[in-house]
Amino acid sequence: MLSPDELIHYQRHVSLPEIGVDGQEKLKQGSVLVIGSGGLGCPALQYLAAAGAGRIGIVDFDVVEASNLQRQTLFGYEDLDRPKAEAAAERLKQLNPHVEIVPRVERFTVENALSLVEGYDVVLDGSDNFPTRYLVNDACVMAGKPLAFGSIFKFEGQVSVFNFDGGPTYRCLFPDCPNPKDVPNCAEIGVFGVLPGIIGSMQAVEVIKIITGVGEPLSGKLLVFDALTMRSQLISFSPDPANQSIEKLEEIVFECEVPEEEEAATESTDGEDEETESAISLKASVSSVELRGLLDDEASIQLIDVREEWEANICSLEGATLIPLGELRRGYALPPALDPEAPSVVYCKAGVRGEEARGLLGEKFGFTAVSNLEGGILAWAECVDSSMRTY
731 MLSPDELIHY QRHVSLPEIG VDGQEKLKQG SVLVIGSGGL GCPALQYLAA
781 AGAGRIGIVD FDVVEASNLQ RQTLFGYEDL DRPKAEAAAE RLKQLNPHVE
831 IVPRVERFTV ENALSLVEGY DVVLDGSDNF PTRYLVNDAC VMAGKPLAFG
881 SIFKFEGQVS VFNFDGGPTY RCLFPDCPNP KDVPNCAEIG VFGVLPGIIG
931 SMQAVEVIKI ITGVGEPLSG KLLVFDALTM RSQLISFSPD PANQSIEKLE
981 EIVFECEVPE EEEAATESTD GEDEETESAI SLKASVSSVE LRGLLDDEAS
1031 IQLIDVREEW EANICSLEGA TLIPLGELRR GYALPPALDP EAPSVVYCKA
1081 GVRGEEARGL LGEKFGFTAV SNLEGGILAW AECVDSSMRT Y
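Heads up, the final residue of the sequence shown is numbered 1121 in this note's numbering, and it's a clean run with no missing numbers.
The structure is reproduced here in structure tokens:
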């Protein structure tokens, strides 16, 4: 039953014949689990809370960073280093004291996924990586919960609803998880700050439609929105029976630890410096832990930073030569100190630009032994130097 205060708060909703008091009551009784309170999660959470979704769960292990504030509008500078889930919950309670907010400062994992999802009516995916996205889908399929999906890429966004009323799942559209190192992410290529607000709000629309029964959810349809042209298109797709059932949750993990066979190559042994250096020349990529081992062994490795100068001013690896990727693309002359025949490791922020640079150095400049630092300097900061300032 809606209280007088709630009727005042929701009067614009209640005035809509399609929603009315009954629809608002459904919202009050409904619950939604939001995975991630970042670019997509922030706008979705704000509108779901303001609209009166009765219980809202937030799962996010991350903390607020200055680089988040360009698009994650639930937070301010006073929230820096605070857990996002807790900061978001505090702000949402100020926005609407009539709803219950349940923050969970933890990762969404194989161990907790099913128990978290089973406790809510609808799940909204605001995650920013493919392994989590697939895990969210699989947990929703196993628990029989509808999933409001959203994703962003530079100036483009996508929205859909999966696992709703026998409709397609995320795997029906995208069966297999790509390796994150092969796919550009927002940290590497950037994102138009307003775009997550648009896409996250659309996800909130889908959740409200599912809970209230108003309108037609985007099940079996993928909405693609281009912010540069303000055009959108609706792509229809069909269920794939092979991807409409999940028997077991499997977390897709891309470790930063070094495999045993690679650890052997990084061990310091007298008289094996030349063998260690040649080992890296045979590899297309090198992990941050492996690179640390090579540097600790004083291997003669050329470090090449292909980020922009402003990025290098925030953090960099000692002794690295800065050559922005754009200069490599245009074929500018390299610093004379660089030896094309010496083992080299290129790095960027998250690994994508580094992979392109590795190819350019070999094709255009004749480098014979170039490896890309997997995950870029962010992986180095995570796996090797936690004191490094990141962005």
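Glycine residues also receive a C-beta, built at the ideal position from the N, C-alpha and C atoms. These numbers were taken from a predicted model, which means no experiment stands behind them.
Any idea if residue i is buried or exposed, counting beta-carbon neighbours within 10 angstroms, 16 or more meaning buried?
| i | result |
| --- | --- |
| I965 | exposed |
| V794 | buried |
| R1059 | exposed |
| S745 | exposed |
| R834 | buried |
| S949 | buried |
| R742 | exposed |
| D811 | exposed |
| T959 | exposed |
| Y740 | buried |
| G760 | buried |
| Q1032 | buried |
| L737 | exposed |
| K1079 | buried |
| S890 | buried |
| A718 | Nothing can be reported for residue 718, as the shown portion of the chain is limited to 731 through 1121. |
| D895 | exposed |
| G1049 | exposed |
| T1098 | exposed |
| Y777 | buried |
| V751 | exposed |
| D735 | exposed |
| K1094 | exposed |
| G1061 | exposed |
What are the residues that DSSP puts in a beta bridge with residue i?
| i | result |
| --- | --- |
| I765 | V789 and D855 |
| F883 | E886 |
| F955 | G887 and S962 |
| F892 | L877 |
| D809 | BP columns for D809 are empty, so no partner. |
| V871 | The partner list for V871 (beta bridge, DSSP) is empty, contrary to what the question assumes. |
| L1103 | V1016 |
| R1037 | DSSP, once it has assigned bridges, lists no residue as partnering R1037. |
From this set, the options, which residue's C-alpha is nearest residue i's C-alpha?
| i | options | result |
| --- | --- | --- |
| D1069 | V1082, N859 and G1092 | G1092 |
| G766 | W1040, G750, Q1032 and A878 | A878 |
| T1051 | I1044, L1064 and W1040 | L1064 |
| G930 | L1090, N798 and G856 | G856 |
| C772 | A780, G782 and A818 | A818 |
| L953 | D735, L903, A780 and V1114 | L903 |
| P908 | G782, V924, V935 and I982 | I982 |
| I1107 | G874, E808 and S1017 | S1017 |
| S881 | E1112, S761, G768 and M731 | G768 |
| Q802 | F860, E1104, L770 and S890 | L770 |
| E936 | E830, V852 and L1025 | V852 |
| T839 | S1117, I1034, G896 and D868 | D868 |
| A1072 | F860, Q759 and I1034 | I1034 |
| L1025 | E946, A843 and V1114 | V1114 |
| I938 | L732, E1104 and A779 | A779 |
| F967 | I1044, P905, F885 and E1085 | P905 |
| E1104 | S1116, E1085 and M1118 | E1085 |
| F1133 | K823, F885, N826 and L825 | The requested residue 1133 is not part of the displayed model; the chain covers only 731 to 1121. |
| A815 | I1044, T862 and F791 | F791 |
| N826 | G897, E755, N973 and A781 | A781 |
| T694 | D809, K951, R901 and A1042 | Nothing about residue 694 can be reported from this structure: the residues present for the chain run from 731 to 1121 only. |
| K951 | G897, E1041 and D1027 | G897 |
Who are the Cβ neighbours of residue i in its own chain at under 6 Å, not counting the five residues just before and after it?
| i | result |
| --- | --- |
| V871 | N893, T899 and I976 |
| L1055 | V1036, R1083 and A1087 |
| P926 | G769, L770, R801 and I882 |
| S1117 | none |
| E1005 | With a pLDDT of 45 at E1005, under the threshold of 50, the modelled position of this residue cannot be trusted, and the question is left open. |
| E993 | Caution is warranted here: a pLDDT of 42 is assigned to E993, below 50, making its placement in the model unreliable, and no coordinate value can be reported. |
| P947 | V891, F894, E936, K939 and I940 |
| K875 | V847 and V853 |
Leaving out five residues before and five after residue i in sequence, what residues of the same chain have Cβ atoms less than 7 Å from its Cβ?
| i | result |
| --- | --- |
| V944 | E748, I749 and G753 |
| V1100 | S1074, V1076, R1088, L1091 and G1092 |
| A873 | L844, V847 and E848 |
| P813 | V793 and V835 |
Below 8 Å on the Cβ atoms is my guess for residue i versus residue j; work out the distance and round it to an integer in Å.
| i | j | result |
| --- | --- | --- |
| Y864 | L763 | At roughly 17 Å, the Cβ-Cβ gap does not stay under 8 Å, so Y864 and L763 are not in contact. |
| S1015 | N1102 | 5 Å |
| V789 | E848 | In fact, because the Cβ distance is near 13 Å, the residues do not count as touching under 8 Å. |
| Q933 | L1047 | Not a contact, Cβ separation roughly 38 Å. |
| L775 | L804 | 7 Å |
| T1120 | A1111 | 5 Å |
| G784 | E830 | 7 Å |
| F955 | G887 | 5 Å |
For residue i, which residues in the same chain have their Cβ closer than 8 Å to its Cβ, ignoring the five residues on either side in sequence?
| i | result |
| --- | --- |
| Y807 | A796 and L799 |
| F971 | In the sequence under discussion, the amino acid at residue 971 is Pro, which differs from the Phe named in the question. Excluding positions up to five away in sequence, the list is empty. |
| S733 | H828 |
| G1096 | P1070 |
| L979 | V840, A843, L844, L865, D868, A869 and M872 |
| P969 | G896, G897, P898, T899, C902 and G950 |
| E755 | M731 and L732 |
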